[in-house]
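The sequence shown begins at 0 in numbering that gives the first Met the number 0 and counts up by one. What follows is a set of notes on a single structure, which appears directly below.
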Amino acid sequence: MPLRTGTIRPLSLLLSTALAAATLTGCALQDLAGDCEGTDARVKDLAALDILGSRPDGASVARGFEEVDAYCWADSGDVVVHAARTYAFPGTQADVTEHYRTAAARGGWTPYPEGPPGELCLTREDMALRIVFVTAESLAEDGHGSRPDLTTGAGYSVSVDAYVNSGAEAGC
């Protein structure tokens, strides 16, 4: 009995395309999931850095941010570990900036000359330290809604990022 090639060719093409897509997608997802494997100790080390617990007099850990937010992520071949704390502070941004410049210098951090405007950025070894002042917009974007305790005075986040196994230089 002769095969009907009109039906088999589209079916073969469809199956081979589906197999190729599944293989490529499966590998890509597996690679992304595996990139952070073995970084737990590094994440814990970052979360334990003294600078994350340092804060100006009068600053308090913001409600809902009681724990250090620490994790690893992989993007385009880069693996980064991250740890952050968010604080509410009734004083000014200048007070916060002065506190962290002093505390960071004692901890061996140096100012990063090309830091983004509106952020304090310092580096040490393979790590970047950022002080970012929160706004109502940034809180809403992150799903935290209206937070007057963080948008009056100087609500801010202090975070440390480090590249893992890439040899990349720390920067902001």
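Beta carbons: idealized from backbone N, C-alpha and C, even for Gly.
* Beta-carbon proximity list for E118, same chain, < 6 Å, skipping 5 on both sides -> If you number the sequence shown from 1, residue 118 lands on position 119. Only R129, V131 meet the Cβ criterion.
* **Residue interval of the alpha helix (DSSP H) (run including E97)** => Counting from 1 along the sequence shown, the entry for residue 97 is found at position 98. 92-105 is the span of the alpha helix (DSSP H), which, as asked, contains E97.
* Who are the near neighbours of R41 in its chain, counting only those whose CB is closer than 8 Å to its CB and skipping five residues on each side? -> The count along the sequence shown starts at 1 and reaches residue 41 at position 42. Close CB contacts of R41 within its chain, under the 8 Å cut and outside five residues either way in sequence, are with C71, V80, A161, V163 (chain order).
* To do: Could you name the residues of the same chain whose beta carbon sits closer than 8 Å to that of Q92, not counting the 5 residues immediately before and after it, in chain order?
  => Here residue 92 is taken as the residue at index 93 of the sequence shown, counted from 1. Counting only Cβ-Cβ distances below 8 Å, and skipping sequence neighbours, we find F132, A153, Y155.
* Can you give the Cα-Cα distance for G106 and E124, rounded to whole angstroms? -> Position 107 of the sequence shown, counting from 1, holds the residue named residue 106. Position 125 of the sequence shown, counting from 1, holds the residue named residue 124. Distance between G106 and E124, taken at the CA atoms: about 12 Å.
* Measure from the alpha carbon of A58 to the alpha carbon of each residue in E113, D34, E168, V157, then state which is nearest. => Start at 1 with the first residue of the sequence shown, and residue 58 comes out as number 59. Cα-wise, what sits closest to A58 is V157.
* Just how far apart, CA to CA, sit E113 and S53? -> The count along the sequence shown starts at 1 and reaches residue 113 at position 114. The count along the sequence shown starts at 1 and reaches residue 53 at position 54. Those two C-alpha atoms are separated by around 24 Å.
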